[in-house]
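Protein chains in written order, with the numbering used here: chain A, 73 to 479; chain B, 73 to 479.
Backbone N, C-alpha and C define an ideal beta-carbon position, used for all residues, glycine too.
Have a look at the structure below before the remarks.
2 protein chains.
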Amino acid sequence: MKNLLVAQSGGPTSAINATLCGVIEKGLINTNIEKIYGARNGILGILSEKLIELKPTLFNPEALQLLCQTPSSALGSCRMKLSDWKDSSLEYEKIISVLKKYNIGYFVYIGGNDSMDTVEKISSYCKAKNINDIKIIGAPKTIDNDLPQTDHCPGFGSAAKYIATTFAEIACDCRVYARPSVTIVEVMGRDTGWLTAASALARCNGHTAPDLIYLSEVPFDIEQFLEDVQAKLSEKMAIVIAISEGLKNEEGYYIADAMQSKQTDDFGHKILAGTGRFLEEIVRHEIGCKVRSIELNVMQRCASHIASASDIYEARLLGNAAADRAINGFSGEMACIKRISNTPYQIEITFSPIGEIANHVKFVPREWISEEGNDITQELMNYILPLVQGEFPVTYCNGVPVHFKLI
Amino acid sequence: MKNLLVAQSGGPTSAINATLCGVIEKGLINTNIEKIYGARNGILGILSEKLIELKPTLFNPEALQLLCQTPSSALGSCRMKLSDWKDSSLEYEKIISVLKKYNIGYFVYIGGNDSMDTVEKISSYCKAKNINDIKIIGAPKTIDNDLPQTDHCPGFGSAAKYIATTFAEIACDCRVYARPSVTIVEVMGRDTGWLTAASALARCNGHTAPDLIYLSEVPFDIEQFLEDVQAKLSEKMAIVIAISEGLKNEEGYYIADAMQSKQTDDFGHKILAGTGRFLEEIVRHEIGCKVRSIELNVMQRCASHIASASDIYEARLLGNAAADRAINGFSGEMACIKRISNTPYQIEITFSPIGEIANHVKFVPREWISEEGNDITQELMNYILPLVQGEFPVTYCNGVPVHFKLI
Chain A
73 MKNLLVAQSG GPTSAINATL CGVIEKGLIN TNIEKIYGAR NGILGILSEK LIELKPTLFN
133 PEALQLLCQT PSSALGSCRM KLSDWKDSSL EYEKIISVLK KYNIGYFVYI GGNDSMDTVE
193 KISSYCKAKN INDIKIIGAP KTIDNDLPQT DHCPGFGSAA KYIATTFAEI ACDCRVYARP
253 SVTIVEVMGR DTGWLTAASA LARCNGHTAP DLIYLSEVPF DIEQFLEDVQ AKLSEKMAIV
313 IAISEGLKNE EGYYIADAMQ SKQTDDFGHK ILAGTGRFLE EIVRHEIGCK VRSIELNVMQ
373 RCASHIASAS DIYEARLLGN AAADRAINGF SGEMACIKRI SNTPYQIEIT FSPIGEIANH
433 VKFVPREWIS EEGNDITQEL MNYILPLVQG EFPVTYCNGV PVHFKLI
Chain B
73 MKNLLVAQSG GPTSAINATL CGVIEKGLIN TNIEKIYGAR NGILGILSEK LIELKPTLFN
133 PEALQLLCQT PSSALGSCRM KLSDWKDSSL EYEKIISVLK KYNIGYFVYI GGNDSMDTVE
193 KISSYCKAKN INDIKIIGAP KTIDNDLPQT DHCPGFGSAA KYIATTFAEI ACDCRVYARP
253 SVTIVEVMGR DTGWLTAASA LARCNGHTAP DLIYLSEVPF DIEQFLEDVQ AKLSEKMAIV
313 IAISEGLKNE EGYYIADAMQ SKQTDDFGHK ILAGTGRFLE EIVRHEIGCK VRSIELNVMQ
373 RCASHIASAS DIYEARLLGN AAADRAINGF SGEMACIKRI SNTPYQIEIT FSPIGEIANH
433 VKFVPREWIS EEGNDITQEL MNYILPLVQG EFPVTYCNGV PVHFKLI
């Protein structure tokens, strides 16, 4: 009999706890698993031996259901990259000694790029040291949708559903006055534009917004942007623009940074205005109409009250599959989604060697972005659409969603 | 047979279309009403004779249901205050001539403070000029909840539900890392703190956030604020703070304005950093921990996907009651909600002379704010709680809510 360990890492999403739920469910039904441990704050919790037993709290359908509607990492998270074990093996020795002390045979690490780097490093350390009784599998999680090998990442669909819905609502909000206006909405994504692209789904039910979409993948030209805005304003009164927070110019600098390097506040700090705020000022100055910028901020990664039912389902499935894979003796892999068909939408779960995932980034293909670089193609819409389907049923109390909390 | 006219004015809410729906429903069932007109962009649409017939589009249960789940003003809105008719009666003569041309006997104007000013001015003009065959009734609408005479305003409950839910989700989001952090969330409310107070409902289901709450009504002291933050940080790792956008200092100046008057951007503009962003910089500089500010922005007034069922119900009821009141021969009043009891929550509809409402503001009573000025009392929680109950059922298509749009 071995024990199962699970931990969460990286930025929060609305689906990461559903993956945790899937791991726990596999542990609960497998008669070879004695205890299920959760590490607090990812790999940090292993290093500091903060492991808690999950069966007592979570052997309960209601708790597991609440867990699935709770955003962010119930076990806590960390942003930590292990150093190379060939340079320093101290942390690795500590990790292995804790795993052995708690009789961990299977470890599922849920997270994004940095977390898969951790999976790769620990599993390759184990291989090199002939530690064969600890199996480590990664389960993907990131709203950014930038992990390779998997068709898409759990967390992305729910964020995309929030973004599409919010753009539809903002489209209603900003068109009420009979005067020209520009609304710039900044969406997360430092390097990739997947989330920004999701704004286009607002058009599915008759909205024309967003009128312009700029993704991180395409070098951003301010003159061209102003021309695009002027052209749209000549057609309609109120325009809505979706932009990635990580827009860069031709030289690869974040546009807000490039233009604002001289600007400091009263304390001598550089003002870290976001990209949206920066473009708001540009439009106000150069075009002069009413302009507003909106940052969707952390809401896009934690608004679980409007989670995508498909996303939560797949997140749970991947957690389950990752634990199953470890129990079946595999290590150093990540559970992936493979899309079999789009209509009807069908997937299967596959596994990829972790070395092909860690530290790689999946960008939006250039051919899924319009030639002008200010919109997306129907193909990209078709890619995202199945991922936002269904509304995950949420339990409310006192008019507010109920969240699970570990004691 | 007379015709009924309805128009919407002021800032968008998630409930203003439900009030429109209520007005239309009354017009549809009353056999003395021939046509129902909607004016585009509030009073501007009357002045420019942009009246559209609503029966052809809206004599249809599905359309009316969609209307109720559509945020913002379906008829469009305006921000226009009429000048005093004793100074210049030109606009009034135009308005009356249009109303007569379209055989309008009853006019319901849905809006906030400025809109009630319009109701007051036109109805007093009619009275002075012995125009007795046009009856004008106001129906309240404002997320700010700052209209007097009515216990609360339609639109507030849905905004409050969004705010409470978002604070609960942000509480999950920001507690995942094992290091001290401050999250400042800026809520709408230039003069009143009703919306900011709604953040406290996040505590109903076990969250401790928000840890501090600052309303517009209490003079804001930065030194005291920093002491409060330090004290909370000594108790727990991640704290969440709710602030009204309109925080003012002891002298009555908006705190962000007062401190930033010298600061300009590259174009020579004054940087209009919001209050949250401003306090973020102060905390970063004075305390030095991880700090983030979040603006809930227009989402708090248009996130109809999480509208309060109670709010939408009451908004519809008030529209119905306002039209009914006009048809019954009354004029120069606003439909109000009177709370009969809190447990069980019971209301009745009353009417107040418009002169007691227009240009008055209802502030949060000081006794509903903690003595220290950094939290609210249980009484204020009890006041808000019934207003966020129930989830209005939303129709989705393609994974995104469907919105009604007038052709």
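Asked, Found
"Contact set for Ile194(B): own chain, Cβ-Cβ below 6 Å, skip 5 residues either direction", "Ile208"
"Chain-ordered chain B contacts of Val474(A) [CB-CB under 7 Å]", "Asn277"
"Pro143(B), DSSP secondary structure in three states", "coil"
"Residue burial classification, Glu352(B) (beta-carbon count within 10 angstroms, cutoff 16)", "buried"
"For Tyr286(B) and Tyr468(A), the rounded distance between their alpha carbons", "26 Å"
"Per-residue contacts from Arg388(B) into chain A (C-beta, under 9 Å)", "None at all; the shortest Cβ gap to chain A is about 18 Å."
"Residues of the region 221 to 254 of chain A whose Cβ lies closer than 7 Å to any Cβ of chain B, in chain order", "Lys233, Ala236, Thr237, Thr238, Ala240, Glu241, Ile242, Cys244, Asp245, Val248, Tyr249, Ala250"
"Leu119(A), DSSP secondary structure in three states", "helix"
"Those runs of the beta strand (DSSP E) which lie wholly inside the region 288 to 372 of chain B and span at least 3 residues", "310 to 316, 362 to 367"
"is_contact[Lys342(A), chain B] using C-beta, thresh 8 Å", "Annotation note: pLDDT 46 at Lys342(A) (below 50); position unreliable, no value reported."
"Short CB-CB distance (under 8 Å) between Glu212(A) and chain B", "Strictly speaking, residue 212(A) in this sequence is Pro, with Glu absent from that position. It does not: the Cβ of Pro212(A) has no partner Cβ on chain B nearer than 8 Å."
"Alpha-carbon spacing of Val170(B) relative to Glu463(B), whole angstroms", "40 Å"
"Neighbour flag for Gly148(B) against chain A, beta carbons, 8 Å", "yes"
"Cβ-based burial, Asn446(B) [other Cβ within 10 Å; buried from 16]", "buried"
"Close Cβ partners of Ala87(A) (< 6 Å) along its chain, the five nearest in sequence each way excluded", "Pro226, Gly227, Ser230, Asp383, Ile384, Ala387"
"Asp338(B) classed as buried or exposed, judged by whether at least 16 other C-beta atoms fall within 10 angstroms", "Low per-residue confidence applies at Asp338(B): pLDDT is 41, beneath 50, and the placement is therefore not dependable, though the value from the model is reported in the following sentence. Classification for Asp338(B): exposed."
"Sequence-distant residues of the same chain with beta carbon closer than 7 Å to Ser442(A), five excluded per side", "Ile448, Thr449"
"Residues of its chain near Leu154(A), where Cβ-Cβ distance is below 8 Å and the 5 sequence neighbours each way are ignored", "Ile115, Glu163, Tyr164, Asp189, Thr190, Lys193, Ile194"
"Chain B within 8 Å of Ile378(A), Cβ atoms only", "yes"
"Val257(A) and Ile105(A) closer than 8 Å at C-beta", "no"
"Stretch-stretch touch, CB-based, cutoff 8 Å, three pairs: the region 306 to 313 of chain A with the region 238 to 252 of chain A", "yes"
"8 Å Cβ cutoff met for Arg364(B) and Glu317(B)", "no"
"Exposure of Arg438(B), with buried meaning 16 or more beta-carbon neighbours within 10 Å", "exposed"
"Unbroken stretches of the beta strand (DSSP E), 3 residues or longer, contained in the region 224 to 291 of chain A", "253 to 259, 284 to 286"
"Beta carbon proximity, Asn132(A) to chain B, threshold 8 Å", "no"
"Closest by C-alpha distance to Ala395(B), when choosing among Val95(B), Lys74(B), Tyr234(B), Thr85(B)", "Val95(B)"
"Arg373(A): contacting residues in chain B (beta-carbon distance under 8 Å)", "Asp245"
"Close Cβ partners of Phe131(B) (< 7 Å) along its chain, the five nearest in sequence each way excluded", "Leu100"
"For Leu457(B), the three-state DSSP class (helix, strand or coil)", "helix"
"Distance between Pro128(A) and Gln461(B) (C-alpha atoms, nearest Å)", "33 Å"
"The alpha helix (DSSP H) enclosing Val170(B), as first and last residue numbers", "162 to 173"
"Any C-beta of chain A under 8 Å from that of Leu76(B)", "no"
"CA-to-CA distance, Ile215(A) to Ile412(B), given in whole angstroms", "46 Å"
"Buried or exposed by the 16-neighbour rule on C-beta atoms within 10 Å, applied to Val433(A)", "exposed"
"Whether Leu368(B) touches Val301(B) by CB criterion (8 Å)", "no"
"Residue range of the alpha helix (DSSP H) that includes Asn392(A)", "381 to 399"
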